[in-house]
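Going left to right, the sequence shown walks through residues 455 to 709 as the numbering used here numbers them.
Glycine included, C-beta positions come from ideal geometry on N, C-alpha and C.
The structure appears right after this line, and notes come after that.
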Amino acid sequence: MYHQTIVKPNAEEVAIAATEWLIETIIECLAARGSCSIALSGGSTPKRLYQIIAEKETESVDWSRVTLIMGDERNVPHDHVDSNYRMVREAWLDRLDPVAFPKSMPQVLPVVIHDNAPERAAAEYEKSIRESLLKDADDEDAEIPAIDIVLLGLGDDAHTASLFPETEALNESHRLFVANFVPKFSAYRLTLTAPMINASRNIAFLVCGPSKRPAVDVVLHGPRHPDEYPAQLIEPKLGRLWWFLDTAAASEVVK
Ligand code: 6PG
Numbered sequence: 455m456y457h458q459t460i461v462k463p464n465a466e467e468v469a470i471a472a473t474e475w476l477i478e479t480i481i482e483c484l485a486a487r488g489s490c491s492i493a494l495s496g497g498s499t500p501k502r503l504y505q506i507i508a509e510k511e512t513e514s515v516d517w518s519r520v521t522l523i524m525g526d527e528r529n530v531p532h533d534h535v536d537s538n539y540r541m542v543r544e545a546w547l548d549r550l551d552p553v554a555f556p557k558s559m560p561q562v563l564p565v566v567i568h569d570n571a572p573e574r575a576a577a578e579y580e581k582s583i584r585e586s587l588l589k590d591a592d593d594e595d596a597e598i599p600a601i602d603i604v605l606l607g608l609g610d611d612a613h614t615a616s617l618f619p620e621t622e623a624l625n626e627s628h629r630l631f632v633a634n635f636v637p638k639f640s641a642y643r644l645t646l647t648a649p650m651i652n653a654s655r656n657i658a659f660l661v662c663g664p665s666k667r668p669a670v671d672v673v674l675h676g677p678r679h680p681d682e683y684p685a686q687l688i689e690p691k692l693g694r695l696w697w698f699l700d701t702a703a704a705s706e707v708v709k
C-alpha cells in the first residue's frame, strides 16, 4: 500500500501543505478522467484548508469539474452551527465570486436532512453519491464506486469521519453511506463507511495538536482493534494514503 507521512511544525503549515497536495491531486485527476470527486471532512484543519483555497485558488483548477461530497455530516439542518455543510459554505463556497470566476465554483452535494429520519437521509445520499460517481466511472459495474480524494480528520478517541468506537457503522460491508447512532452524543451522525473510503483513489488524514498524539500512535503502530480505534479500518485497497501531521500530533515513531 502506498503510504506517506508528512510532518510540519504547526497546524497552519499542515493546512498549507495539504492544500498544495490537494490542488496537485485534483489536477492529476482532471487530467486522467476529466472530473474529480472530493469527500470533505469536518474539523479544524480541513476548515483552514477550505479557507486557504477560497483565499488563494482562482485559476490553476477548473473547479466546475470538481464535485464535493460530504464525508460525514451531523443530523441537523444546513443552517445549524454544527452542520459540516454550513462550515464548508462559510469557510469556502460563500467566499467565492462565481460571476467574476465561474471556474472557481465546484459542484456540491449536501446531505438532505430529514427530521427524525437519519436512515432516510443516508439512503438518499448514498443514491446521490452513486449516481454522481457512476457518471464518470472507469468501471460502471463496480459495487463500490471510487471517490477520487477523501479528506479525513482523527478524533482523540481515534474516530474518523463519523465512524466512532463501538458503533454499528464499523461493521458495515456493503453500504456506502449510513446513519450511525453514537451513544456518547445520544445522536445520529451520517457517514461514509470504511469500505467506501477504502475504495477511494487518494486518502489524506489531516491531524494536528498534542491531544491527537495517542490516537495517531495507536492507529499507526498499536495493536489492531478497529472496534476501539476505528481509523485503523482505513486501508485503501488500491489507492494511496497520506497522513499530514503537525509535530505535536506526530508520535516519536512517525518523526
Ligand atoms: C466531524 C468530523 C470528524 C473530525 C474529527 C477531528 O464532522 O467532526 O469529520 O471526524 O474530523 O473529530 O476533528 P478536529 O480536526 O477538529 O479535531
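Cβ neighbours of glutamine 561 within its own chain (closer than 6 angstroms, five residues either side excluded): Thr521. DSSP lists Asp700 as the beta-bridge partner residues of lysine 462. Here the region 652-666 makes contact with the region 688-698; the two share three or more CB pairs at distances below 8 angstroms. Under the DSSP assignment, alanine 600 falls outside any alpha helix (DSSP H); it carries neither an H nor an E label.
Distances taken from the Cβ of aspartate 526 to the heavy atoms of the ligand 6PG include one shorter than 7 angstroms.
Leucine 588 counts as exposed, since fewer than 16 other beta carbons sit within 10 angstroms of its beta carbon. Counting only runs of at least 3 residues, the region 460-495 fully encloses the following beta strand (DSSP E) elements, listed from N- to C-terminal order: 490-494. Contact between alanine 623 and valine 632 is confirmed by a C-beta separation of about 5 angstroms, below the 8 angstroms threshold. With a cut-off of 7 angstroms, the C-beta of histidine 613 is classified as near the ligand 6PG, since at least one heavy atom of the ligand falls inside that distance. Between tryptophan 546 and alanine 508, the beta carbon gap of about 5 angstroms places them in contact (Cβ cut-off 8 angstroms). DSSP places arginine 528 in the uninterrupted beta strand (DSSP E) bounded by 526-528. Counting along the chain, the unbroken beta strand (DSSP E) around isoleucine 657 starts and ends at 656-661.
For arginine 629, the secondary structure class from DSSP, reduced to helix, strand or coil, is coil. When the Cα atoms are used, phenylalanine 555 and threonine 512 turn out to be separated by approximately 7 angstroms. Leucine 587 carries a helical assignment under DSSP once its states are collapsed to helix, strand and coil.
Judged by their CB atoms, leucine 630 and glutamate 580 are nearer to each other than the 8 angstroms cut-off. Between isoleucine 506 and alanine 469, the C-beta spacing is below 8 angstroms.
Taking the Cβ atoms as the reference, valine 670 lies roughly 7 angstroms from alanine 704, within the contact range of under 8 angstroms. Here leucine 563 really is in contact with isoleucine 583; their C-beta atoms are around 7 angstroms apart, less than 8 angstroms. With fewer than 16 other beta carbons inside 10 angstroms of its own, histidine 675 counts as exposed. Checking the 7 angstroms criterion, the Cβ of leucine 687 is out of range of every heavy atom belonging to the ligand 6PG. For asparagine 625, the closest of Leu646, Asp611, Gly609 by C-alpha to C-alpha distance is Leu646. Between glutamate 478 and leucine 644, the gap from beta carbon to beta carbon reaches 8 angstroms or more.
Shortest gap from the CB of serine 498 to any heavy atom of the ligand 6PG: under 7 angstroms. Counting only runs that start and end inside the region 511-556, the beta strand (DSSP E) elements of at least 3 residues fall at 520-524, 526-528.
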